[in-house]
Amino acid sequence: MSRIQTPAAGRLQTIARNPVMLALCMTLALAGCASKKNLPNSAGELGLNGAGAATPGSQQDFTVNVGDRIFFDTDSTSVRADAAATLDRQAQWLQRYPNYAITIEGHADERGTREYNLALGARRAASTRQYLASRGVPANRMKTISYGKERPVAVCDDISCWSQNRRAVTVLGGAGM
Amino acid sequence: MLRRKLLRFLVVLAGLMAFLPQARALVEININKGNVEPLPIAVTDFVAEGDLGQRITDVIAADLKRSGLFAPVNKQAFIEKISNPDQAPRFDDWKVINAQALVTGRVTREGDGRLRAEFRLWDTFAGQQLTGQQFFTQPDNWRRVAHIIADAIYERLTGEKGYFDTRIVYVAESGPKNDRKRQLAIMDQDGANARALTNANELVLTPRFSPSRQEITYMSFEGNQPRVYLLQLETGQREVVGNFPGMTFSPRFSPDGQRVIMSLQQEGNANIYTMDLRSRTTTRLTSTAAIDTSPSYSPDGTQIVFESDRGGRQQLYVMGADGSNQRRISFGDGSYSTPVWSPRGDLIAFTKQSGGKFSIGVMRTDGSGERILTTGFHNEGPTWAPNGRVLMFFRQSAGAGGPQLYSIDLTGYNEQLVKTNGFASDPAWSPLLE
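These protein sequence lines are chains A and B, in that order.
All residue numbers for the first sequence refer to the numbering used here, where the first residue is 217 and numbers rise by one.
All residue numbers for the second sequence refer to the numbering used here, where the first residue is 37 and numbers rise by one.
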């Protein structure tokens, strides 16, 4: 988890000057720790976007405050309970800001063969789209694309990275089929 | 390199010489035995102006050595210096250094600028010429002449076709793992003459050679539309294969080169389709709520092997070319993927995942007789040499940063790194060149 420390440390410095925010964040952090798996479940948790306040309705708002990605278990394409919570927030946000179309990018970890992982990523994108549709996001606002195992975000050779690469990322705009 | 005119070699059997190879050779290699003791062979520098003769013989010797079936004798040990390849060598001089076979030759320049390369293969213990041929070609094709001569030697001594005058198309990879650039590239089977076929702007995967034309099929994400393409190697012309309502991937040609077989992704399912390249008609072959992919035809075109997770995990299945009689053939522990039918028709090579390791293996076409050739952190995607004796695949070692190509004999011996400029994956072996 070393990669999350740089932006998080910067954020902590900012937060430390504001005791109210500090208390709030500690509550969130505890809630995060209590969730069933000790795996990141959003870009915010991964520290991908360090900045605090984002303009409501902005790309940054979606990525940081809603969470643009969900993670999957090995060889699984079903939406986990923690992922469902993220997708619920995505669906609410997308209904509040109906001008956005989205592309759902499906990804696999590297512990599979290339062709199968293309299909596995597509299946993850499809199950994500189906979930969002079931929460009221119109199908015509959603496209999908699979990158298989070709676009990892975490690059080590063990499970801590593979778990972050098995993901579906909701991209505002974007291009898929 | 490909823009040059595809060579037309004049192959002339040099049977006019006095040493007629009628008797059955004493020197031969039984390559079906498993671990073969390499045959000591002396490859002498071809008589030529400058260093061209030496360059050609170095390529020939390197091909033979890499096959694992031959042990080229160190030139320092040679006693006789071949100055007139039309004369019989002094066999005793070669027997005493245990060179059981001897290659001599000459390269001259014709009046029209072409090269003329001739060689003779001798059985030193029988005191006989085994074969002799000559070739004419343009000077910049000297490496191909060397590979063709190496193939002729291999065939004469093993009884099987060679595979040295071939190319590999592959995915050249560069840059860090989380920002990897991928380009299609092509090289001679020994790693020479490598060049890129696409730029690095788009993700490209799984190139495969046409069995009959200078053409490959591959998958590209061009325009964020992941689809199967054709690429003409001589003109660089590209086209999308078919007009499918979703991602197409995992393409391969039929043995006659007239069809492309591939997977079409729709929602969570992938099914197998073919497209006839002349009529442009498409045919659906599988229809499951599963991932069916990596199809590969038998060399006679009547059957198709593919992988499917319809039973829960990836396993290998065989069906008729019309999609009939789909049956599972892999039943070992773990999961099986990327099956490829041998050009000889008798075996299927595959990737196997088991116990956290990735292996390359082969099995008979009914699934029996499984043999694992190599196992490690990650081995994937076998491709067959056109004679069905050698496989190439890609390997990523833990912490290595990227994949590299390896070749291995069907017996599991003679594993060799195939050197590429940077990382490489998804090799596909060409047929023997025309």
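For every residue, glycine included, the Cβ atom is placed at its ideal position computed from N, Cα and C.
What you are looking at is a predicted structure, and each value in this text was computed from that prediction instead of being measured.
Query: Under 9 Å (Cβ pairs) to chain A, residues found in the region 336–355 of chain B; Result: Glu343, Asp345, Arg349 and Gln350
Query: CB contact check: B/Asn260 to chain A, cutoff 8 Å; Result: yes
Query: Status (buried if at least 16 other CB within 10 Å, exposed otherwise) for B/Ser366; Result: buried
Query: B/Gln294, DSSP secondary structure in three states; Result: coil
Query: Cross-chain neighbours of A/Ala342 in chain B, by beta carbon under 8 Å; Result: Glu303 and Gly304
Query: Length at least 4, wholly inside the region 110–150 of chain B: the alpha helix (DSSP H) runs in chain order; Result: 127–131
Query: Which of helix, strand or coil DSSP assigns to B/Leu239; Result: coil
Query: 8 Å Cβ cutoff, B/Glu238 in contact with chain A; Result: no
Query: Interface flag, B/Leu241 vs chain A, CB-CB below 8 Å; Result: yes
Query: Extent of the continuous beta strand (DSSP E) to which B/Leu266 belongs; Result: Arg263 to Gln268
Query: Residues of the region 310–340 of chain A whose Cβ lies closer than 9 Å to any Cβ of chain B, in chain order; Result: Thr319, Glu326, Arg327, Gly328, Thr329, Arg330, Glu331, Tyr332, Leu334, Ala335, Leu336, Ala338, Arg339 and Arg340
Query: B/Ala182 vs B/Ile96 beta-carbon contact at 8 Å; Result: yes
Query: Where the beta strand (DSSP E) containing A/Gly337 begins and where it ends; Result: A/Gly337 -> not in any beta strand (DSSP E); alpha helix (DSSP H) instead, spanning Arg330 to Ser350.
Query: For B/Asn415, the three-state DSSP class (helix, strand or coil); Result: strand
Query: Nearest-angstrom Cβ-Cβ length linking B/Gln136 and B/Phe172, presumed shorter than 8 Å; Result: Not really, about 30 Å apart at Cβ, beyond 8 Å.
Query: Burial state of B/Pro295 (16 or more Cβ within 10 Å); Result: Sequence inspection shows Arg at residue 295 of chain B; the Pro mentioned does not correspond to that position. Result: buried.
Query: Any beta strand (DSSP E) of 3 or more consecutive residues that is wholly inside the region 73–109 of chain B; Result: 75–79 and 106–108
Query: Where B/Asn307 falls, given that 16 or more other Cβ within 10 Å makes a residue buried; Result: buried
Query: Extent of the continuous alpha helix (DSSP H) to which A/Arg312 belongs; Result: Ala297 to Arg312
Query: B/Val207 beta carbon less than 8 Å from that of B/Leu241; Result: yes
Query: Beta strand (DSSP E) segment containing B/Tyr372, residue limits; Result: Ser371 to Trp377
Query: Under 7 Å by beta carbon: chain B residues contacting A/Pro368; Result: Lys213 and Asn214
Query: Host beta strand (DSSP E) of A/Ala318 (start-end); Result: Rather than Ala, the amino acid found at residue 318 of chain A in this sequence is Ile. It spans Ile318 to His323 - the beta strand (DSSP E) in which A/Ile318 sits, taken as one unbroken run.
Query: Span separating the alpha-carbon of B/Lys111 from that of A/Ser292; Result: 59 Å
Query: Length of the line joining the Cα atoms of B/Ile384 and A/Ala355; Result: 42 Å
Query: Option in B/Leu100, B/Ser466, B/Phe106 and B/Ser433 with minimal Cα separation from B/Glu73; Result: B/Phe106
Query: Residues near B/Ile115 in its chain [Cβ-Cβ closer than 6 Å; skip 5 each side]; Result: Asp129
Query: Any chain A beta carbon closer than 8 Å to B/Thr387; Result: yes
Query: Cα-Cα separation, B/Arg316 to B/Lys393; Result: 41 Å
Query: C-beta contact flag for A/Thr386 and A/Gln308 at 8 Å; Result: no
Query: Close-in-space but distant-in-sequence residues of the same chain around B/Pro291 (CB under 6 Å, 5 per side omitted); Result: Pro247, Tyr333, Pro335 and Gly337
Query: Chain A contacts made by the region 391–418 of chain B, where a contact means CB separation under 9 Å; Result: Gly392, Phe394, Phe413, His414, Glu416 and Gly417
Query: Listed by chain order, chain B residues near A/Ser362 by CB distance under 8 Å; Result: Pro262, Met283 and Gln301
Query: Nearest-angstrom Cα separation, counted from A/Cys372 out to B/Glu191; Result: 46 Å
Query: Straight-line gap, B/Lys197 to B/Asp176 (C-alpha atoms, nearest Å); Result: 25 Å
Query: Closest Cα partner of B/Val79 within the set B/Arg364, B/Asp94 and B/Pro331; Result: B/Asp94
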